[in-house]
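Structure record follows, encoded as structure tokens.
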Amino acid sequence: MSMKGTVVYYQPELETMPREELDALQLERLQKLVAYVYERIPFYRESFDKAGVKPEDIKTLDDLSKFPFTVKQDLRDAYPFGMFAVPRDEVARIHCSSGTTGTATVVGYTAKDLEVWGDCFARFLYAADCGSDAVLQVAYGYGLFTGGLGAHQGGERGGLTVLPMSTGNTKRQVRLMKDFDVDVLACTPSYALNIADVAIEEGYKPAEEFKIHAGILGAEPCSEGMRAEIQDKLGIQVYDIYGLSEVMGPGVACECEAQNGLHVCEDHFIIEIVDPQTLEPVPDGQWGEVVMTTLSKECSPLVRYRTRDISRIITGQCECGRTFRRMDRITGRTDDMLILRGVNVFPSQIEEEIVSFPEIVPQYQLILTTKGSLDHVELQVETVPDFPFDEVARLQKLTKDLKKALKDNLQIAVDVKIVEPKTIERSEGKAKRIIDLREGLK
Ligand code: DLL
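Shown next, in the form of structure tokens:
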């Protein structure tokens, strides 16, 4: 189905606001925000005082770069409610990060914060040609993770019919997708592929038989090849959606019908891209670390939060007419970047190579171990179900070709192990691509 020519706005007065007005709105909100956090959150008072900056120093949007960053550890140090700017009785909901890599980070929302969050998500449901008559299947996890409830309230706010599936029970996801004439699916790309595969295994032809036309898929990197595979199998357009719990949850930025970069909801967030080494802002178009400032959050506002995600600003006006600037798809996180014999590589780049082989499915894991004093990487990939696995010569050739592609295109030398279909565990949420068994890192 082609989306060409379809432009649907949910809040047109904001989404297509002339740039000068948007800049003025951002400046006004930023001045208020900086004064608000200085007054209400001891961490910001101390951090601004230490850096020798005062809220009054924000005279233009560029002045933001004089202010200190906030990092994840600052949120951990404030556990549980030290970063809340409102009293507890004004907190309508609390979400947390999983805490698997340390103390959980806690994020609170006032009733107004939840409304804004819903609006941000709803904008992109409309951009994906889903109006109030659409059925939204939410297959992100519900709970402390922001995916499920974030998509849910976006659907409710936009007036859609919401199907709160959460993750798992994949056969049932498929059945209800068909029986309830679902129009749009919200889940991670890896789970969308899993759902598509199960639908096909169950004997359906979802691309032809299902009504669904859109997927709002995010929470993890997804290569263009993987996107194409999901689009083909389900017969949908896939829109990439970005967000993180600390900053709000899903809906900070999302693709429009042009599928060329993710529009940042700039009425509620300021995006900066900084060089991860020097921490200086880089020019538009240059890759670096995404830094986010919230403009309207009441409970958990953030100034210059270092996300660790790598992206860049896409320059120029989008053909859809939205004036919000676009960020490119996230290639990875600074902390997920592998350095293999001096070559920097993100798992998503490896995924791009894998999906170019028709004999291999986009399921893979990178197993990191220690061999002597060196890190060793084994890439495990799986063949398509009808690959003749017992034909040793074909298997050897495939292994060799994949190794060569990785060497030629990414300049990396890794061991490749091709495993039988269905060996690699399927994802229902964020896919686990890296298994780190290196000594000292457990
Ligand atoms: O993943 C929020 C979310 C839910 C976004 C549903 C989109 C859809 P966290 O669990 O805090 O929040 O993880 C945030 O996930 O810093 C990125 O590294 C990664 N991430 C999120 N969206 C994308 C995306 C949610 N579209 C972390 N592409 C972020 C690549 C993404 N990575």
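If you're matching positions, the sequence shown starts at 5 in the working numbering and goes up one per residue. The C-beta atom is built at its ideal place from N, Cα and C for all residues, glycine as well.
I think residue i touches residue j, with their Cβ atoms under 8 Å apart; what is that distance to the nearest whole Å?
i	j	result
Ser136	Gly163	3 Å
Thr165	Ala143	Not really, about 15 Å apart at Cβ, beyond 8 Å.
Leu306	Thr114	At roughly 15 Å, the Cβ-Cβ gap does not stay under 8 Å, so Leu306 and Thr114 are not in contact.
Leu383	Val418	5 Å
Asp359	Ser227	For the sequence presented, residue 359 should be read as Val rather than Asp. 6 Å between Cβ atoms; contact.
Ile216	Val188	7 Å
Arg308	Leu68	7 Å
Arg2	Cys322	Nothing can be reported for residue 2, as the shown portion of the chain is limited to 5 through 446.
Leu34	Leu65	7 Å
Gly433	Thr192	6 Å
Going straight from the alpha carbon of residue i to that of residue j, what length do you get?
i	j	result
Gly320	Asp332	12 Å
Val12	Lys411	44 Å
Gly265	Gly336	15 Å
Glu356	Pro366	9 Å
Glu363	Asp313	31 Å
Cys260	Tyr14	12 Å
Gly239	Ile62	48 Å
Tyr368	Ser194	11 Å
Met341	Asn348	7 Å
Ile199	Gly152	16 Å
Thr174	Val202	7 Å
Ala82	Arg49	14 Å
Phe88	Lys58	20 Å
Glu60	Glu24	22 Å
Lys436	His267	27 Å
Thr109	Val251	11 Å
Met7	Asp117	For Met7, the predicted structure reports a pLDDT of 49, less than 50, and the residue's modelled location is therefore unreliable. The matter cannot be settled from this model.
Lys407	Gln415	10 Å
Ile220	Gly122	14 Å
Phe128	Pro351	27 Å
Run the CB neighbour count on residue i, radius 10 Å, all protein chains shown included, and call it buried at 16 or more, exposed below.
i	result
Phe328	buried
Thr282	exposed
Ile438	exposed
Phe184	exposed
Glu270	buried
Arg326	buried
Ile45	buried
Gly207	exposed
Gln400	exposed
Across which residues does DSSP place residue i in a beta bridge pair?
i	result
Val381	Leu372
Tyr252	Looking at the sequence shown, residue 252 is not Tyr but Met. Paired residue(s): none; Met252 is not in a bridge.
Cys258	Ile245, His267
Problem - Contact the region 244-259 vs the region 288-299: 3+ CB pairs below 8 Å - result: yes
Practice task
Pair every Cβ in the region 145-157 with every Cβ in the region 274-293, then say whether three or more of these pairs are closer than 8 Å.
Solution key: no
Practice task
State whether the region 203-211 contacts the region 233-240, with contact taken as three or more CB pairs (one from each stretch) at a distance under 8 Å.
Solution key: yes
Exercise for the section: Tell me, please, whether the region 391-406 touches the region 427-436 by the rule of three or more beta-carbon pairs shorter than 8 Å. Expected result: no
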